[in-house]
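Numbering (this note's numbering), first residue to last: 90 to 280. Here's the structure we're looking at; comments come further down.
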């Protein structure tokens with residue numbers, strides 16, 4: 090595996106060449122389209138936006154269908170906030186954690202924060218902030234979960250918290266809404 094900084098350097102070197110050679114470019118959001126046009130000087134007629142959709146596995150699950158997943162994660166149906174994303178700075182998970190910590194203690198205990206996602210880069214400070222809420226039962230960290238379990242978690246959440254500061258598209262809000270969960274998200278980039 091290449092170090093994340095090295096990958097960025099490789100992409101920064103190769104992407105302009107690929108864009109120059111491309112006959113036509115497809116992107117998944119108007120935000121990315123405008124960035125490509127502005128940053129690389131691509132003619133607007135050379136780039137088309139084709140928005141993504143959630144996959145068919147994401148649909149509202151009944152309580153009976155999601156019961157095993159909720160029990161395995163120690164949460165009650167409709168009584169938890171869900172935050173989905175790789176633990177890394179641009180996902181801004183710290184904001185969800187800090188906002189949850191501002192709730193009165195009885196509410197934090199009644200509505201814990203379930204944080205789903207793999208560990209990314211620069212997570213040591215976040216991991217430190219997660220320790221105390223986890224010990225108090227106010228934070229559940231299942232890590233990576235398969236799509237079937239994720240659909241169950243979306244379906245049982247009182248809301249998805251998605252405070253990301255930079256997204257090219259942002260599938261979790263779309264997946265959550267497909268499962269019937271309300272979404273509280275940042276108003277930036279493609280979101």
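Ideal Cβ placement from N, Cα and C applies to all residues, glycine included. Bear in mind the structure is a predicted one, so any value in this text is a computation, not a measurement.
Sub-8 angstroms separation of residue i and residue j beta-carbons
i, j, result
"residue 242", "residue 272", "no"
"residue 230", "residue 240", "no"
"residue 143", "residue 267", "yes"
"residue 171", "residue 249", "yes"
"residue 226", "residue 199", "no"
"residue 208", "residue 176", "yes"
"residue 169", "residue 246", "yes"
"residue 238", "residue 158", "yes"
Span separating the alpha-carbon of residue i from that of residue j
i, j, result
"residue 258", "residue 118", "6 angstroms"
"residue 109", "residue 256", "24 angstroms"
"residue 105", "residue 138", "19 angstroms"
"residue 133", "residue 126", "6 angstroms"
"residue 163", "residue 244", "15 angstroms"
"residue 290", "residue 165", "Outside the displayed range of the chain (90 to 280) lies residue 290, so it cannot be described from this structure."
"residue 42", "residue 228", "Because residue 42 is not part of the residues shown, which for the chain are 90 to 280, the question remains open."
"residue 189", "residue 120", "29 angstroms"
"residue 107", "residue 277", "27 angstroms"
"residue 173", "residue 115", "26 angstroms"
"residue 280", "residue 160", "32 angstroms"
"residue 194", "residue 148", "32 angstroms"
"residue 275", "residue 185", "10 angstroms"
"residue 154", "residue 221", "32 angstroms"
"residue 288", "residue 156", "A question about residue 288 goes unanswered here, because the residues of the chain that appear run from 90 up to 280."
"residue 187", "residue 265", "22 angstroms"
"residue 216", "residue 128", "35 angstroms"
"residue 103", "residue 111", "12 angstroms"
"residue 192", "residue 214", "21 angstroms"
"residue 196", "residue 234", "25 angstroms"
"residue 101", "residue 203", "35 angstroms"
Buried or exposed by the 16-neighbour rule on C-beta atoms within 10 Å, applied to residue i
i, result
"residue 136", "buried"
"residue 201", "buried"
"residue 122", "buried"
"residue 97", "exposed"
Residues of its chain near residue i, where Cβ-Cβ distance is below 6 angstroms and the 5 sequence neighbours each way are ignored
i, result
"residue 181", "252, 253 and 254"
"residue 146", "236 and 240"
"residue 179", "254 and 255"
"residue 167", "247"
Proximal residues to residue i (C-beta, below 7 angstroms), its chain only, five neighbours per side dropped
i, result
"residue 140", "117 and 118"
"residue 131", "108, 114 and 125"
Cutoff 8 angstroms; reference residue i; Cβ partners in own chain excluding five residues on either side
i, result
"residue 113", "135, 136 and 137"
Item checked: In chain order, each alpha helix (DSSP H) run of at least 4 residues that lies wholly inside the stretch 155-191 -> 182-190
Check: In the stretch 187-271, which residue ranges form an unbroken beta strand (DSSP E) of at least 3 residues, counting only runs that do not cross its ends?
Finding: 202-205, 228-232 and 248-251
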